[in-house]
Each structure stands twice: as C-alpha cells, then as structure tokens.
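Visitor:
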Amino acid sequence: MRPFSPAARVLPGSVPHNSTPKSILKTASVLGRRKHQHEASSDMLEAPESPTKRRKVFFDDIRNITYEVGRRTMEEVKLEVRTALEGHLRGNDGQYDTLKEMFANDKQRYLPPVVGEEDDTLKPHELQVYVMALSSCIPILKNRECNGLVRVILQCSWLGRDDAFVKSFMHFLAALVSAQGSYLGTVLSMIVDKFQLSRQSTWSVPDFPEVTRETMRKRLHSTLRYLLQMFPSAVGVLESLLSAKFPFPDDSVQTHMAYINNLLKVREYIPDLQDEILDIILNRVVKIDSQMQLDLEDIDDDITTAVLFALRENPHTTSDWEQDELDDSDNESVNSEDLDFDEEATRIKNVKENVEKMDAVLDTLFKFYTPFFLNPGSDKAFDAFTIILREFDHMVLPTYKSRHTQFLIFHFAQQHERLTDAFCGQLIATAFQSNTPNVLKQAAAAYLASFVARGAQVPRSLVRTIFTLLLHHLEQYRRKYEPICRGPDLKRFHPYYSLLQATLYIFCFRWQDLVVAAPELVDADDAASYIGQDLEWIGSSRKDLSVQIFGKLNPLKVCAPVIVEEFAKLAHRLNFMYVYPLVESNKRIRLTQYLSSTYATGGALRDAGYDGQDESFHQLDPYFPFDPYQLPVSKRWLEHDYVHWKSVPGLNADDDSDDSDDMDDDDEALEEATATDSDGDDFD
Numbered sequence: 085m086r087p088f089s090p091a092a093r094v095l096p097g098s099v100p101h102n103s104t105p106k107s108i109l110k111t112a113s114v115l116g117r118r119k120h121q122h123e124a125s126s127d128m129l130e131a132p133e134s135p136t137k138r139r140k141v142f143f144d145d146i147r148n149i150t151y152e153v154g155r156r157t158m159e160e161v162k163l164e165v166r167t168a169l170e171g172h173l174r175g176n177d178g179q180y181d182t183l184k185e186m187f188a189n190d191k192q193r194y195l196p197p198v199v200g201e202e203d204d205t206l207k208p209h210e211l212q213v214y215v216m217a218l219s220s221c222i223p224i225l226k227n228r229e230c231n232g233l234v235r236v237i238l239q240c241s242w243l244g245r246d247d248a249f250v251k252s253f254m255h256f257l258a259a260l261v262s263a264q265g266s267y268l269g270t271v272l273s274m275i276v277d278k279f280q281l282s283r284q285s286t287w288s289v290p291d292f293p294e295v296t297r298e299t300m301r302k303r304l305h306s307t308l309r310y311l312l313q314m315f316p317s318a319v320g321v322l323e324s325l326l327s328a329k330f331p332f333p334d335d336s337v338q339t340h341m342a343y344i345n346n347l348l349k350v351r352e353y354i355p356d357l358q359d360e361i362l363d364i365i366l367n368r369v370v371k372i373d374s375q376m377q378l379d380l381e382d383i384d385d386d387i388t389t390a391v392l393f394a395l396r397e398n399p400h401t402t403s404d405w406e407q408d409e410l411d412d413s414d415n416e417s418v419n420s421e422d423l424d425f426d427e428e429a430t431r432i433k434n435v436k437e438n439v440e441k442m443d444a445v446l447d448t449l450f451k452f453y454t455p456f457f458l459n460p461g462s463d464k465a466f467d468a469f470t471i472i473l474r475e476f477d478h479m480v481l482p483t484y485k486s487r488h489t490q491f492l493i494f495h496f497a498q499q500h501e502r503l504t505d506a507f508c509g510q511l512i513a514t515a516f517q518s519n520t521p522n523v524l525k526q527a528a529a530a531y532l533a534s535f536v537a538r539g540a541q542v543p544r545s546l547v548r549t550i551f552t553l554l555l556h557h558l559e560q561y562r563r564k565y566e567p568i569c570r571g572p573d574l575k576r577f578h579p580y581y582s583l584l585q586a587t588l589y590i591f592c593f594r595w596q597d598l599v600v601a602a603p604e605l606v607d608a609d610d611a612a613s614y615i616g617q618d619l620e621w622i623g624s625s626r627k628d629l630s631v632q633i634f635g636k637l638n639p640l641k642v643c644a645p646v647i648v649e650e651f652a653k654l655a656h657r658l659n660f661m662y663v664y665p666l667v668e669s670n671k672r673i674r675l676t677q678y679l680s681s682t683y684a685t686g687g688a689l690r691d692a693g694y695d696g697q698d699e700s701f702h703q704l705d706p707y708f709p710f711d712p713y714q715l716p717v718s719k720r721w722l723e724h725d726y727v728h729w730k731s732v733p734g735l736n737a738d739d740d741s742d743d744s745d746d747m748d749d750d751d752e753a754l755e756e757a758t759a760t761d762s763d764g765d766d767f768d
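Counting in our numbering, the sequence shown runs from 85 upward without gaps.
Right, here's the structure in full:
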C-alpha cells in the first residue's frame, strides 16, 4: 500500500464531486458481515494496489490544510462523526456504535474487498482522520452520554501506529481534558497502565511497521510530558496513580521492570516527583523483600535447594531484565505440563521468580544510583545519599527482617568517609534516643553492628570508636537496670541486651581492629598468629565488657546462642576473656522464672511473655541485616564491600591446619548454598 500524501486543494465545499461520497460509518450489521469475511480469510495475502487506485490523503489540523480520505474531504468526515454523536444523544445509536467498533477493532488486519464489492472498509491509516474529526467534536463528545465511546478510543492501540497518528492522538487527549477536566484522571490512568508493557505484541498494529520498545516508550513519555505541560495541576493526580498502579507482587519480573524503568524515566522530566518516585519504588521493594523472606522461612530445605539449582541452571544472561528467557509458548507449556499437577513445582517456580524479581530491581537501583557517586566526596553524591538514607530510615529500618534492600545503603555508605559518618550517625541517634521505640532501638543497634562488622571499607578507627561507644552506653544501661534486676529478662531490659549482642557481634568479626599492640611474632595478616598471645586491647574494653558479661543482668543467657558460642571461643583463645564457666552455669537457668506480669512490655521483636517453655522465645534473634547477600546478579555490586566470615585455623584445639582449610572451603560452599537463608548468621 502506498503511503498517503497530502494533495493541495481549495477549502472544503468548493469542489463538487461527480458521485455521492459513501460513509464508512455503516450500521453494525454491515461491519459484522465484513468482520466475518475477515475471519474466514485471515490467511489471505493483501492484494497489490492498483496503479489507478485513488490517492488517500489526510488533514493537518495544526496548519489548517485540507486533506482527503477516499472520496470524502475532512469536513465531510467531521460531519459524519458529528452526525453519529448527535444521533446518539437523540437515541439513534447505529452510527455511534459503528464508530465505537471501529476503535475497538483497530488492531484488525485490513483485507482487500471481495471481488465485485465496493471497498468500503476502513484502511489502516484512515483511523487518524476519525481521531482528528473527533477532536473537532469535543464539545459534543464531552457529554456524559458519550463516555462509552471515549473509553473505547482511549484503549485503542495508538502507540503501535505511525508518528502522525500519535501526534493526532496526543492533541485529541489534550482537547478532551481541556474541555472536560474530569477526564484527566482517566487519560493519565490509561497512560500509566502502559508503563507495564514490555512485549512488542501488546502494542504492535498490523499493516504498520514494527515499533520497538524504545520508540514506544519515547512516544508514551512525549505524550505524558505534553499533557503535564498543558495541565500542570495533573502532577498530583499522576503521583497517586504511579503508586496505585504499581504491579502486584505476583506479577512477572518483566512487568515489574517495565514499570520501574518507566518510573525512572518520568523522574527525568518531572522535578517535583523525583523523590516521590524513588520512594514509591523502594516502598514496594521492601514489601516484596520482607514477604519473600517470610515465605522462604516457611519452605523446607529440599525446596530451597531446588530453587538454588533452578537459578544456577537458568541464570539470567542479559542486562535487559525485561527480556523473556522463554517465549510465550514455552511458558505456557511449562505451566500446563509441570505446575498444574505439582504443588511443589509451583512453589519452586514462585520462589525462583521472587528471587529473580528482587535481583532485577536491586540491580537496577544499584545501576541508577552509581553515576551520582562517581565523585563520592562531592555534594552531588551527598545529596543522592541523603535520599537513600531518608528512605532507609523511613522504610527499611522499621521493616522486620528485610533481607536485601538495605544493601543499597550498605554499598553507597562505604564510598566515602563523609557518607559513612552520616549513616553511622543516623543509626547512633536512633539507637540511643530516649523516645525511640525499643523495636527501632534494637533494629538500629543491629544495623550499626552489622555495618561495622561487615563493611570492608569501614576504617579501623571507626570500628574502635563504635565499639567504645557501645561499651559506654552499656554501662549507662547497666547502672539504670541492675538495681531493679532479679535476673536475665529480655522483656524488661530489652535495649540493654540488644546493645550487648551488637557489641559481641562486632568483636567476632573485627577483633583484629581492636588490638592496639601485639608481640613481634604476631603477623597482622595471619589471624592464627594471634592465638594464645598476650595482646593489648583498645582502652579499657576488656574490663568494661567483662563488667557487663558477669553482671547481674547476665546477657550471655539472653543473647543468641550462636553469637555467644563464637564469642566465647574467640575470647578464650585470644586471652581476652574466659566465659565458659558462665555459659555452663547458664544452661541450668530457665528464663521463664524471671518473668513477671507486672513488667513493662518493652516492645521486643519477640514476645518475651510467650507462654511456652522454649528458651528461644526469651532470647534475642541472631538477626544482623548485612549477613550474606547472595542474589545471583546484583551481588556483583558488593564484591569489594563485604567482609565474609572466616574461621581461624587452630582456633579449635582439636583441629589441625588441613581440617581448618577444609572447613573454610565448606563454609564458602555453604554460604553460596544459602542464598535465601534468613537465619542471620554464617558462623557455621
């Protein structure tokens, strides 16, 4: 089919026609017959265009030039549309319904006429003329009785056509909203709905050249930007829609990434929504993250292992997270053959998709923020970090057992000393403010300890400063609580125990940074050379921590056993402290004997008043939020940021060096195999 081109003409009405123009707006029955013929000959090839075939032309409404479609001028098409709308208002819906069907079936492929019949069907490019005609009839179209037609028009496949149609449709949208403000939300909702589109088949239109995803997005955002320039007050409406239309948690990776990529594009040209858009993304990511972690805790090890193998067998090999690894037919066959009758396979598939979803989103966010930190000491970097820190404080910190989202701030806080200080300062303020709820105090203490322990770029000076600061606050708590203490009680003295556990955790990972002097035979690069030596520790830390551990509050009974065990082992072999007698005596103590209904609730993460005999309900969780990050693709951003747990050869008296090496290998394998673990430690 030849492209349509404008023909220079005098203004409409001045040139008579030899025959009466025939309207395309026939009754629905006629169109129904043509539709049946289309279905019966769907495999027919389009007939070549006759050299003598009449030239089709269009109307440029902006430059006030008249064009022709078939045998009708633009004014005649406008008259047809106006007649259809006015007839509908009078109760005559024939032409009105045909107009609706024209837009509803706009993706139907054009078929040449049946031999012997007149070619009276709408050609692919002629729909643009009706869009322009409708734009001229907005005063009628804005009537409530025409809402049905407006809804159908808004759902047409305008993104998959040519640039001329997109331009006409854009002006139609602007005219519609300008005439009837109540359509603003409807129009913006239609545009935001298309943020989830990722497959080309969802916007492509037969008889038009293929439109790439990049071109489609460019058209979509150009239209949105034009409308926001025309109607500045629409920004508030758009903000609520961006949040409300975020994909559901069980939607695909491709849907999530399409929507997020579009949100980040909107952020580029709407300054007023820059922070809000990042908040929308992170808020949803945190919810997915925490829910995914809770789901993982409910599945058994066999399913976890199966998920791990599935991730390894089908790794994501492209940087385009919107690209399907399988085509639609493959996905359908997998769903029908494997999942409908296999509940375990369904769970494996769902968990795998959730892991990939988190991986994709966080990989995209790491990539988005990285350019801001090319000069990490600059104000530009600090401003970007301020956004990350604010979102962390409002969304991540209060979320129990968020597993991956917090690594954004973990990574970027280590880019410069200024950023590290800002992050630690915020956590210290939260952990020690008197009006902070206990649940947030515990979370802040855990984040602070985990960051200092796991951050490879955290300097030794800061490790010592934080460790000394924690000891100082522990002493203040001890003096406050010991006079009213009968024995270890998590519910009543929760802030103290969470702070003490954080201190032990830092010691277990960074004890070398706490040593200020050692004999000459000690090799700073060989952890094993410290064992059994007479070491000098920072300040009075040995004495100060001993006072806490052997005090009346008895924190080793309340802290997580896995952390207590590792601390006891290290402290003994490094001649820092000997706590094994206390650990053994604690085994004969039942925490329930110290519970009292008159105690304050305390706000612990676990309810210490749980009426059960399991001691773990009255002990702290071994939860430290920066324990191993194992999302397959996005973990590349943390390669040089992370301190992995390494057992010290010779730490156990019965282990020889060979066994220790084997144990290190096993630990590394275990760490890789527990990508979805939530136990909060990797000591084992």
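For glycine and all other residues, C-beta sits at the position ideal for the given N, C-alpha and C.
What span of residues does the alpha helix (DSSP H) with VAL599 cover, start to end?
Guide: Element bounds for VAL599: not the alpha helix (DSSP H) but the beta strand (DSSP E), 599-601.
Visitor: Determine the extent of the alpha helix (DSSP H) in which THR504 is found, giving its start and end residues.
Guide: That run of the alpha helix (DSSP H) goes 501-516.
Visitor: Run through DSSP, which three-state label would THR307 get?
Guide: If DSSP states are grouped into helix, strand and coil, THR307 belongs with the helices.
Visitor: Can ALA529 and ALA515 be called in contact, C-beta distance under 8 Å?
Guide: Closer than 8 Å, so yes.
Visitor: Taking a contact to mean a Cβ-Cβ separation below 8 Å, would you say ALA586 touches LEU555 in this structure?
Guide: Contact: no.
Visitor: Looking at C-beta atoms only, is the number of pairs between the segment 454-467 and the segment 355-373 that lie closer than 8 Å three or more?
Guide: With the cut-off at 8 Å, the segment 454-467 and the segment 355-373 do not touch.
Visitor: Classify GLU604 as helix, strand or coil using the three-state DSSP reduction.
Guide: It is coil, neither helix nor strand.
Visitor: Answer with buried or exposed for VAL215, where buried requires no fewer than 16 other C-beta atoms within 10 angstroms of its C-beta.
Guide: Buried, since its Cβ has 16 or more Cβ neighbours within 10 Å.
Visitor: Whole alpha helix (DSSP H) runs in the segment 292-348 with 4 or more residues, listed along the chain?
Guide: Within the segment 292-348, the complete alpha helix (DSSP H) runs of at least 4 residues are 297-314, 318-328.
Visitor: Grab me the residues of ALA168's own chain with a C-beta within less than 6 Å of its C-beta, minus the 5 sequence neighbours each way, in chain order.
Guide: Here the set comprises LEU109, GLN179, TYR180, LEU183.
Visitor: If we require 3 or more residues per run, which beta strand (DSSP E) segments fall completely within the segment 632-659?
Guide: Entirely contained in the segment 632-659, not one beta strand (DSSP E) run reaches 3 residues.
Visitor: Need the endpoints of the alpha helix (DSSP H) that PHE440 sits in, please.
Guide: Looking at the sequence shown, residue 440 is not Phe but Glu. Counting along the chain, the alpha helix (DSSP H) containing GLU440 begins and ends at 427-453.
Visitor: Using the three-state DSSP reduction, which class does GLU406 fall into: helix, strand or coil?
Guide: Reduced to three states, the DSSP call for GLU406 is coil.
Visitor: With a 10 Å radius around its C-beta and 16 neighbouring C-beta atoms as the bar for buried, classify ASN459 as buried or exposed.
Guide: Exposed.
Visitor: Between LYS251, ILE237, GLN192, SER262, which lies nearest to LYS223 when the distance is taken from Cα to Cα?
Guide: Before going on, a small fix: residue 223 reads as Pro here, not Lys. Ranking LYS251, ILE237, GLN192, SER262 by Cα distance to PRO223 puts SER262 first.
Visitor: So the alpha helix (DSSP H) LEU238 belongs to, where does it begin and stop?
Guide: Unbroken alpha helix (DSSP H) run through LEU238: 231-238.
Visitor: On a Cα-Cα basis, can you pick out the residue from LEU380, GLN313, LEU378, VAL213 that is closest to PRO355?
Guide: When only C-alpha atoms are compared, the closest one is GLN313.
Visitor: Within the same chain, show all residues whose beta-carbon is closer than 6 Å to that of SER582, passing over the 5 residues directly before and after it, in chain order.
Guide: Taken in chain order, the residues that qualify are GLN526, ALA529.
Visitor: Determine the extent of the alpha helix (DSSP H) in which GLY178 is found, giving its start and end residues.
Guide: Start and end: 178-188.
Visitor: Helix, strand or coil for TRP621 per DSSP?
Guide: TRP621 falls in the strand class under three-state DSSP.
Visitor: Which residue or residues does DSSP assign as beta-bridge partners of TYR726?
Guide: The partner list for TYR726 (beta bridge, DSSP) reads GLY539.
Visitor: Nearest to PRO579 by CA position, among PRO639, TRP595, LYS627, is which residue?
Guide: The residue with the shortest Cα to Cα distance from PRO579 is PRO639.
Visitor: Please report the straight-line C-alpha distance between PRO665 and HIS488, rounded to a whole angstrom.
Guide: Distance between the alpha carbons of PRO665 and HIS488: 38 Å.
Visitor: Around the C-beta of THR157, are 16 or more other C-beta atoms found within 10 angstroms, so that it is buried, or is it exposed?
Guide: Buried is the call here.
Visitor: Looking only at its own chain, which residues have a Cβ that is under 7 Å from the Cβ of ALA259, when we skip the five neighbours before and after it?
Guide: Excluding residues within five positions, the ones whose Cβ falls inside 7 Å are SER219, ILE222.
Visitor: Is PHE708 closer than 8 Å to SER84 when the C-beta atoms are compared?
Guide: One cannot answer for residue 84 here, as it falls past the ends of the chain, which runs 85 to 768.
Visitor: Using a threshold of 8 Å, state whether the C-beta atoms of LEU511 and LEU524 are closer than that.
Guide: Not in contact: LEU511 and LEU524 (Cβ atoms no closer than 8 Å).
Visitor: Starting from ILE365, trace the alpha helix (DSSP H) both ways and give me its first and last residue.
Guide: ILE365 -> alpha helix (DSSP H) spans 358-381.
Visitor: Taking the alpha helix (DSSP H) that THR560 falls in, what are its first and last residues?
Guide: Looking at the sequence itself, residue 560 is Gln, so the reference to Thr does not match. Per DSSP, GLN560 belongs to the alpha helix (DSSP H) from 544-565.
Visitor: Tell me whether ALA644 is buried or exposed, calling it buried when 16 or more other Cβ atoms sit within 10 Å of its Cβ.
Guide: Result: buried.
Visitor: Please state the DSSP three-state secondary structure of LEU395.
Guide: Helix at LEU395.
Visitor: Please report how far the alpha carbon of GLU433 lies from the alpha carbon of PHE710, in whole angstroms.
Guide: Note that residue 433 is Lys in the sequence shown here, rather than Glu. Rounded to the nearest angstrom, the two C-alpha atoms are 26 Å apart.
Visitor: Check whether the Cβ atoms of CYS508 and LEU546 sit closer than 8 Å, and answer yes or no.
Guide: Closer than 8 Å, so yes.
Visitor: Relative to the C-alpha of ARG368, which candidate in LEU378, HIS340, ASP359 has its C-alpha closest?
Guide: Answer by Cα proximity: HIS340.
Visitor: Do you know offhand how far PHE551's Cα is from ILE647's?
Guide: One C-alpha to the other measures close to 16 Å.
Visitor: Return the CA-CA distance between SER306 and SER486, expressed in angstroms with no decimal places.
Guide: Distance between the alpha carbons of SER306 and SER486 is about 37 Å.
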